[in-house]
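Shown next, in structure tokens, is the structure this report addresses.
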Amino acid sequence: MTLAARAGLARGRIELRQTFTNGQDLWNYLFPAIILLVVIFFMRNATVPGTDFSLGARTMPSALGMGIAFSGLVTMAMALTIDREDGTLLRAKAIPNGMLGYLIGKITLVSGMGLISLTLQLVPGLFVLDGLSVRGASGWLTLAWVVLLGMVATMPIGAICGALISNARNMGIIMLPMMGLIAISGIFYPITNYPVWLQWIAQVFPIYWLGLGTRSALLPGELAAVEIGASWRHLETVGVLGVWAVLGLVVAPIVLRRMARRESGSRVAARRQKAMERII
Numbered sequence: 000m001t002l003a004a005r006a007g008l009a010r011g012r013i014e015l016r017q018t019f020t021n022g023q024d025l026w027n028y029l030f031p032a033i034i035l036l037v038v039i040f041f042m043r044n045a046t047v048p049g050t051d052f053s054l055g056a057r058t059m060p061s062a063l064g065m066g067i068a069f070s071g072l073v074t075m076a077m078a079l080t081i082d083r084e085d086g087t088l089l090r091a092k093a094i095p096n097g098m099l100g101y102l103i104g105k106i107t108l109v110s111g112m113g114l115i116s117l118t119l120q121l122v123p124g125l126f127v128l129d130g131l132s133v134r135g136a137s138g139w140l141t142l143a144w145v146v147l148l149g150m151v152a153t154m155p156i157g158a159i160c161g162a163l164i165s166n167a168r169n170m171g172i173i174m175l176p177m178m179g180l181i182a183i184s185g186i187f188y189p190i191t192n193y194p195v196w197l198q199w200i201a202q203v204f205p206i207y208w209l210g211l212g213t214r215s216a217l218l219p220g221e222l223a224a225v226e227i228g229a230s231w232r233h234l235e236t237v238g239v240l241g242v243w244a245v246l247g248l249v250v251a252p253i254v255l256r257r258m259a260r261r262e263s264g265s266r267v268a269a270r271r272q273k274a275m276e277r278i279i
């Protein structure tokens, strides 16, 4: 198992380095940062209700939390789905502890990509947005544990979704609910302005809590007044994200083992044949 873990880490680092040599991957790093800056530009004259604080500056940390959730849920699911379709998972299955090494590699890759994307968005924001800053060691510590716990809470769920989706063209099964949750989770506008029943739905899922956690690390303390309970609710953030992390870490290995057992050369060949028929 130690050898498989080392192989997985090495594989993840290699795949991460390769993203810097691929134009599509580089664009995937830059595109979210560009879109976020454009959104903030159009929000430059808006303020958080009841304050004179820029709504754009409030949106930036929320979007960082959204990016962590998106990376853990969607990127991980897409990676597993594509590798399942092209036979990569079948090859990993044939190697002793190959699935363990494969998963560690994917976790390394997705975590690295998520941190790079976060940095590309955070650094410009710290320079161009008034009121946005990491306030001392406590701010950096808060940002670190929110990002780490958020990844642990979302990547296993993303792996489960990737194991359950038969091909990459069905990713809308994840994307549509994801867009809906983003809309109600207070990412672009304070959640306290939504109906109470929508607030309760949003608080069940990690996206809201990741946005709240990153806001607590990057915004002035007085901005907590526009949050639910006028508080950053760190204990609740740890609790909800922790529950999702435990749930995912318990269920994901079971689902992935069952998915791996069902993989065979004939299944991979059938999927390739269907893909070729669609192209033709």
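Numbering follows numbering that gives the first Met the number 0, with no gaps: position 100 of the sequence shown is 99.
Even for Gly, the Cβ is constructed at its ideal location relative to N, Cα and C.
Asked                                                                                                                                            : Found
Can you determine whether any heavy atom of the ligand HEM sits closer than 7 Å to the C-beta of residue 166, and answer yes or no?              : Inclusion of the ligand HEM in the displayed structure is not the case, the ligand content being empty and no account of it being possible.
Pull up the CB-CB distance for residue 206 and residue 112, whole angstroms please, since I reckon it's below 8 Å.                               : Wrong, their Cβ atoms sit about 18 Å apart, outside the cutoff.
Quick one: what's got a C-beta closer than 6 Å to residue 259's C-beta in the same chain, skipping five residues either side?                    : 92, 98
When DSSP labels each residue in this structure, what does residue 50 get in the three-state scheme?                                             : coil
If residue 149 sits next to residue 71, beta carbons under 8 Å apart, how far is it from one beta carbon to the other, in whole angstroms?       : 7 Å
How would you label residue 242, buried or exposed, when you count the other beta carbons within 10 angstroms and need 16 or more for buried?    : exposed
Report the CB separation of residue 191 from residue 227 in whole angstroms; it is logged as a contact under 8 Å.                                : 6 Å
Just verifying my parser: in three-state terms, what is the DSSP assignment at residue 231?                                                      : coil
Are at least three pairs of beta-carbons, each pair with one atom in the segment 0-18 and one in the segment 98-110, less than 8 Å apart?        : yes
Of the residues 251, 225, 256, which one's Cα is nearest the Cα of residue 48?                                                                   : 225
Where do the ends of the alpha helix (DSSP H) carrying residue 44 lie?                                                                           : First-last for residue 44: undefined, no H or E at that position.
In or out: residue 185 buried (at least 16 other Cβ within 10 Å) or exposed?                                                                     : buried
Give me the Cα-Cα distance between residue 176 and residue 73, rounded to the nearest whole angstrom.                                            : 11 Å
Name the residue from 94, 143, 129, 107 whose alpha carbon lies nearest to the alpha carbon of residue 301.                                      : No information on residue 301 is available, as it lies outside the stretch 0 to 279 that the chain covers here.
Among the residues of its own chain, which have a CB less than 6 Å from the CB of residue 108, if the five just before and after it don't count? : 11, 14, 15
If you count every other CB in all the chains shown that lies within 10 Å of the CB of residue 208, and 16 or more means buried, which is it?    : buried
Helix, strand or coil for residue 285 per DSSP?                                                                                                  : Nothing in the structure corresponds to residue 285, since the chain is present only between 0 and 279.
Go ahead and pull the three-state DSSP assignment for residue 169.                                                                               : helix
Under the rule that 16 or more other beta-carbon atoms within 10 Å means buried, what is residue 57, buried or exposed?                          : buried
Go through its chain and collect everything with a Cβ distance to residue 160's Cβ below 6 Å, but skip five positions before and after it.       : 76, 173
Which same chain residues, not among the five before or five after residue 153, have their C-beta less than 6 Å away from its C-beta?            : 68, 71, 72, 205
Give the range of the alpha helix (DSSP H) segment to which residue 126 is assigned.                                                             : 97-127
Using only the alpha-carbon positions, how far apart do residue 238 and residue 45 sit?                                                          : 33 Å
According to the Cβ coordinates, are residue 131 and residue 59 closer than 8 Å?                                                                 : yes
Going by Cα to Cα distance, which pick from 196, 199, 133 is closest to residue 216?                                                             : 133
What is the DSSP secondary structure of residue 21, reduced to helix, strand or coil?                                                            : coil
If you follow the alpha helix (DSSP H) that residue 76 is part of, which residue opens it and which one closes it?                               : 75-85
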